[in-house]
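**Q** Residue numbers (the UniProt record's numbering): 1 to 603. If you scroll down you'll find the structure; I have some questions about it.
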């Protein structure tokens, strides 16, 4: 019969069918010519990859131009341009006035500014917008990431990143050497200025934007690495310093500065620390795992494991021998309190002299008092001998306390491991108040976290935690953690080590050190770090890809198709994609991570 309805789609389909039939017939008649010409065109286009430019700047990839964030990021450059423009105008107007009154031209010092170059122009290039981002997701969809295990895993990967190093130009370079960190405060000239500056250079950490900053464990990646070691005289004079290795895990900066400020004039350092809100740093934050042997006693959920160990011993000894729990004995740590740096040895010597002087004064004053009182009366009662009586009276008690401390040091770590693995047995020897207290992770992380400088380093919640669910405005679950750290520019790394620093890089040859070497170190570290993350044992991207494309035929692997045409088709599609990227390079289009790692899989 006669067809009715809309005829336009019918005509269009007929036209395209005729066109495709003609094209197919032409290709069939001139098959080899079409293949050769097509591959030649692909090759010409692919040659454009010589001009490829891969954009690695995270800000340029994700921040829209002209927005508020873009204005904030370029605030410093804009201020410097305005500053330079004002200086130039000032100088021109001064030159014009001087020329009118026919006086010799003199240099203008506006507001005490001698030169435009006196401004620290390296501040805007300090980190050069180089971000490294780590995103951690659970092993399966729907699993809550706000757990002890997930957070501790994030702490572990951050520690691995902090210790990752590359060897170049005779030195090992870690993140602490190339990261962006706050500059050391400028100290007034004095006998201790150089020493304190070196100490601050070692202690000032990298800037991490990470969710673990909500907890004490956020101090673990900060170092310094290797730990700072001061001499025994310094520890004897400054009681607030931790014994042994000094890191952010056990350092209370405010307490140390308060004590040192009574001995020396620290200038503005104390005020800077106070305004930044450093306080006790990480020592007053919750521990993710209160059973961590290093969890400080000042933490809100600090666990007195020595008290628990005494109770455990009494409970364990009351059990039959065949049921008693045997813990592994560890050697008691012995701290080597010798300064490894010349500057620190000078500091140790200064404190040592003061300590020896104080001891000499005490030793000379004490006999004079005794002789004076003995001359007054032969029946004088030596009250100072009461100290000896008290010591002998409490000798047994002190010996017991020392023995208990030694037992806690020998078996403490093994006992904490046992507690971690046997939570169901805590109630057999501990009361509810004596049990370890785990924090409410969601409550603590609600609203974001703060870095070691609480007043200035504020990390928004949506920057460090993703896929959140709430209940009464409180986080109850999350799907991902994100940590960001800033890598310094090559010029900043060059300026750090352009002066010889034997305490930091003793093998670095300052005579050949230049900005190019510094930029090569930064690039090499980033490149090796990226490869390390791709090959990390927790990175399951390749496992997902392999399993999704896997097919089983009995006990052997098999593919869905063994036809050569499909393999050739994949080759042609890949070749076409590469040629398309070449055309983009000819046009000056910059590539990004999605260009090189996503497009091919989509095809």
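Virtual Cβ for every residue (Gly too), placed ideally from N, Cα, C. Keep in mind it's a predicted model, so treat the numbers as computed, not measured.
Across which residues does DSSP place residue 459 in a beta bridge pair?
**A** Paired residues: 449.
**Q** Should the region 150-162 be called in touch with the region 202-219, which here means at least 3 C-beta pairs below 8 Å?
**A** Yes: at least three Cβ pairs fall under 8 Å.
**Q** For residue 474, name the three-state secondary structure that DSSP assigns.
**A** Three-state result, residue 474: strand.
**Q** Which residues share a DSSP beta bridge with residue 174?
**A** BP columns for residue 174 point to 165.
**Q** Span of the alpha helix (DSSP H) holding residue 522?
**A** Looking at the DSSP string, the run of the alpha helix (DSSP H) that includes residue 522 is 515-534.
**Q** Using three-state DSSP, classify residue 314 as helix, strand or coil.
**A** Note: residue 314 maps to helix in three-state DSSP.
**Q** What does DSSP give as the partner residues of residue 482 in its beta bridges?
**A** Partner(s): 135.
**Q** Let's see if you can read the secondary structure: which residues bound the alpha helix (DSSP H) around residue 31?
**A** Per DSSP, residue 31 belongs to the alpha helix (DSSP H) from 31-46.
**Q** According to DSSP, residue 248 sits in a beta bridge with which residue or residues?
**A** Its beta-bridge partners do not exist; DSSP assigns none.
**Q** The alpha helix (DSSP H) with residue 274 in it runs from where to where?
**A** From DSSP, the alpha helix (DSSP H) with residue 274 extends over 269-276.
**Q** Report the rounded CA-to-CA distance for residue 37 versus residue 576, giving the unit in angstroms.
**A** Taking the straight line from one Cα to the other gives about 13 Å.
**Q** Leaving aside the five residues before and after residue 618 along the sequence, list all residues of the same chain whose C-beta is less than 6 Å from its C-beta, in chain order.
**A** Shown here, the chain extends from 1 to 603; a query on residue 618 therefore has no answer.
**Q** To the nearest angstrom, how far is the alpha carbon of residue 509 from that of residue 230?
**A** Taking the straight line from one Cα to the other gives about 27 Å.
**Q** Would you say residue 221 and residue 159 are within 8 Å of each other, going by their C-beta atoms?
**A** Closer than 8 Å, so yes.
**Q** I'd like the ranges of any alpha helix (DSSP H) spanning at least 4 consecutive residues and lying wholly in the region 486-515.
**A** Taking only runs of at least 4 residues, the alpha helix (DSSP H) segments lying wholly in the region 486-515 are 490-497.
**Q** Quickly, what does DSSP pair residue 208 with across the bridge? List them, please.
**A** Residue 208 is bridged to 485.
**Q** With 16 other CB atoms within 10 Å as the buried threshold, where does residue 247 fall?
**A** Classification of residue 247: buried, given that the 10 Å Cβ count is 16 or more.
**Q** Check whether the region 515-529 touches the region 166-178, counting contact only when three or more Cβ pairs, one atom from each stretch, lie closer than 8 Å.
**A** Because the criterion of three Cβ pairs below 8 Å is met, the region 515-529 and the region 166-178 touch.
**Q** Look at the alpha carbon of residue 239 and the alpha carbon of residue 273, and state the distance between them as a whole number of angstroms.
**A** Going by the C-alpha atoms only, they are around 20 Å apart.
**Q** In this structure, how does DSSP classify residue 12 when only helix, strand and coil are distinguished?
**A** If DSSP states are grouped into helix, strand and coil, residue 12 belongs with the helices.
**Q** Checking the sheet assignment: what are the DSSP bridge partners for residue 580?
**A** According to DSSP, residue 580 bridges with nothing at all.
**Q** Reducing DSSP to helix, strand and coil, say where residue 466 ends up.
**A** Residue state, collapsed to three classes: strand.
**Q** Pull up the CB-CB distance for residue 278 and residue 453, whole angstroms please, since I reckon it's below 8 Å.
**A** The pair is a contact, with the Cβ atoms about 5 Å apart (cut-off 8 Å).
**Q** Excluding five sequence neighbours on each side, which residues of the same chain lie with their C-beta closer than 6 Å to the C-beta of residue 309?
**A** Excluding positions up to five away in sequence, the list reads 408, 415.
**Q** What number of angstroms, rounded off, separates the C-alpha of residue 450 from the C-alpha of residue 291?
**A** In a straight line, the C-alpha of residue 450 is about 23 Å away from that of residue 291.
**Q** What would DSSP say about residue 18, mapped onto helix, strand or coil?
**A** Here residue 18 sits in helix by DSSP.
**Q** When DSSP labels each residue in this structure, what does residue 325 get in the three-state scheme?
**A** Here residue 325 sits in coil by DSSP.
**Q** Can the beta-carbon of residue 585 be found less than 8 Å from the beta-carbon of residue 49?
**A** Yes, the Cβ-Cβ distance between residue 585 and residue 49 is below 8 Å.
**Q** Per DSSP, what kind of secondary structure is residue 257 in: helix, strand or coil?
**A** Looking at residue 257 - three-state DSSP - the assignment turns out to be helix.
**Q** Do you know offhand how far residue 506's Cα is from residue 500's?
**A** Near 8 Å, if we compare the C-alpha coordinates of residue 500 and residue 506.
**Q** Under the DSSP definition of a beta bridge, which residues are partnered with residue 332?
**A** Answer is none; residue 332 lacks a bridge partner.
**Q** Taking the straight line between their C-alpha atoms, what separation do you get for residue 530 and residue 468?
**A** So the alpha carbons of these two residues sit roughly 27 Å apart.
**Q** What number of angstroms, rounded off, separates the C-alpha of residue 299 from the C-alpha of residue 249?
**A** Distance between the alpha carbons of residue 299 and residue 249: 11 Å.
**Q** Alpha carbon to alpha carbon, how far is residue 31 from residue 47? Give it in angstroms, no decimals.
**A** Cα to Cα, residue 47 sits roughly 25 Å from residue 31.
**Q** DSSP three-state call for residue 115: helix, strand or coil?
**A** Low local confidence applies: a pLDDT of 39 at residue 115 is under 50, so the model's placement there is unreliable, with the coordinate-based value given in what follows. Note: residue 115 maps to coil in three-state DSSP.
**Q** Taking the alpha-carbon positions, what's the residue 13 to residue 582 distance?
**A** Going from the Cα of residue 13 to the Cα of residue 582 covers about 34 Å.
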